[in-house]
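In my numbering, the protein residues as written are 593 to 970.
In structure tokens form, the structure reads like this:
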């Protein structure tokens with residue numbers, strides 16, 4: 593008898609996940625002697641005896657979706673043949689729209705410099721996605737900011753849902769001279785580690801620039817890889833909220849009979865070996881700050897209405913998270929650029945005397961129920 597799509601799909605999905613993770617293949621369930629084709633038997637029984645006239649294809653699709661729900665994988669999905677197979681692959685923004693400044697000048701160009709209380713200049717780079725080429729554009733923009741006498745960086749990853757892992761690695765590589773960036777641990781291969789390479793002589797100073805990373809509850813995936821890496825290496829303070837907590841290795845599997853599966857086959861680990869997925873990345877101690885709903889609306893309105901000929905002073909009045917980030921940068925420059933490692937002494941904002949321990953801080957509010965959109969390699 594010809595094996596139907598349901599049995600083929602069940603067998604293929606199990607082999608692609610369980611076998612690769614060390615099992616020997618379908619074992620016929622938990623009970624000895626249980627037939628491996630019981631899904632086919634159930635399907636035939638329903639088709640033969642159900643009082644209604646069931647649609648075979650609909651039953652098969654429902655069975656596949658039920659199997660995915662049993663995986664405890666919130667990112668697993670099935671896209672039937674003829675369905676919206678690209679639903680989980682929203683196109684990443686192009687480079688110009690993914691790399692932004694804090695506002696535009698009269699000519700419409702992004703402005704990337706902000707002046708600190710000490711009079712020193714900070715480069716401000718807002719990455720809205722890790723699309724192809726962003727890593728190179730990030731490095732080039734830092735070079736331009738350096739030419740304009742910037743000596744530190746505010747990297748804004750708020751609302752960045754992720755993108756290509758290689759682009760996140762490139763951003764980290766610019767700000768590190770050596771060390772582990774991230775490790776992918778999958779069930780079907782040896783762990784893969786990305787490591788920083790020494791910067792060229794012209795860019796070596798970027799590995800010692802003071803850095804503050806802005807993140808919030810909608811910063812996910814590749815954004816979390818960057819935040820966790822820079823935090824673990826003591827290269828940056830993290831200001832804002834606990835990040836989303838999605839750092840999974842996902843694979844899209846085309847089914848011979850049509851449709852495709854999206855499965856999580858592994859997870860990313862931060863340099864310390866700790867997980868990111870379902871945990872997120874915490875702000876540095878005393879840097880946890882969530883904007884109210886009214887503040888978020890005001891900030892979004894400011895970005896929409898004042899991108900042309902924008903005022904940095906007005907922006908700082910409506911963006912308390914950015915104000916705190918710049919205060920941390922200013923204090924670091926004034927007090928000598930210490931390492932921002934968790935658990936060591938480092939500077940407090942200008943308004944507070946004394947020193948504070950740099951640790952991951954208290955948890956921010958739990959993320960909302962609806963996740964941000966994701967793309968491939970996120």
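Every residue gets a Cβ at the ideal spot worked out from N, C-alpha and C, and that includes glycine.
The segment 829-846 makes no contact with the segment 644-661: fewer than 3 CB pairs, one atom from each, lie closer than 8 Å.
The DSSP-derived three-state label of residue 810 is coil.
Taking the Cα of residue 746 as reference, the smallest distance to any Cα among 797, 693, 702, 777 is reached at 693. Beta bridge pairing from DSSP links residue 671 with 852. The straight-line gap separating the alpha-carbon atoms of residue 699 and residue 767 is approximately 30 Å.
In this structure, DSSP gives residue 913 a helical state, which the three-state scheme calls helix. Residue pairing from DSSP places residue 744 in a beta bridge opposite 714. Under the criterion of beta carbons closer than 8 Å, residue 881 and residue 714 do not qualify as touching, at roughly 18 Å.
In the DSSP secondary-structure assignment, residue 832 is bridged to 807, 880.
Spatial neighbours of residue 668 in its own chain (CB-CB distance under 7 Å, excluding positions within 5 residues in sequence) are listed in chain order as 660, 854, 855, 856. Runs of the beta strand (DSSP E) lying entirely within the segment 718-797 and spanning at least 3 residues, in chain order: 742-748, 772-778, 784-787. Spanning the alpha carbons of residue 874 and residue 866 requires a straight line of approximately 12 Å.
Here residue 905 carries a helix assignment [DSSP, helix/strand/coil]. Taking a contact as a CB-CB distance under 8 Å, the pair residue 729 and residue 691 counts as one, their CB atoms being some 5 Å apart. Residue pairing of residue 840 in beta bridges, as defined by DSSP: 859. Annotation for residue 635: the continuous alpha helix (DSSP H) segment containing it runs 630-641. The count of Cβ pairs closer than 8 Å, one atom from the segment 772-792 and one from the segment 735-743, stays below three, leaving the stretches out of contact. The three-state secondary structure of residue 888, taken from DSSP, is helix.
In this chain, the beta strand (DSSP E) harbouring residue 706 covers 705-707.
A direct Cα-to-Cα measurement between residue 878 and residue 923 gives close to 14 Å.
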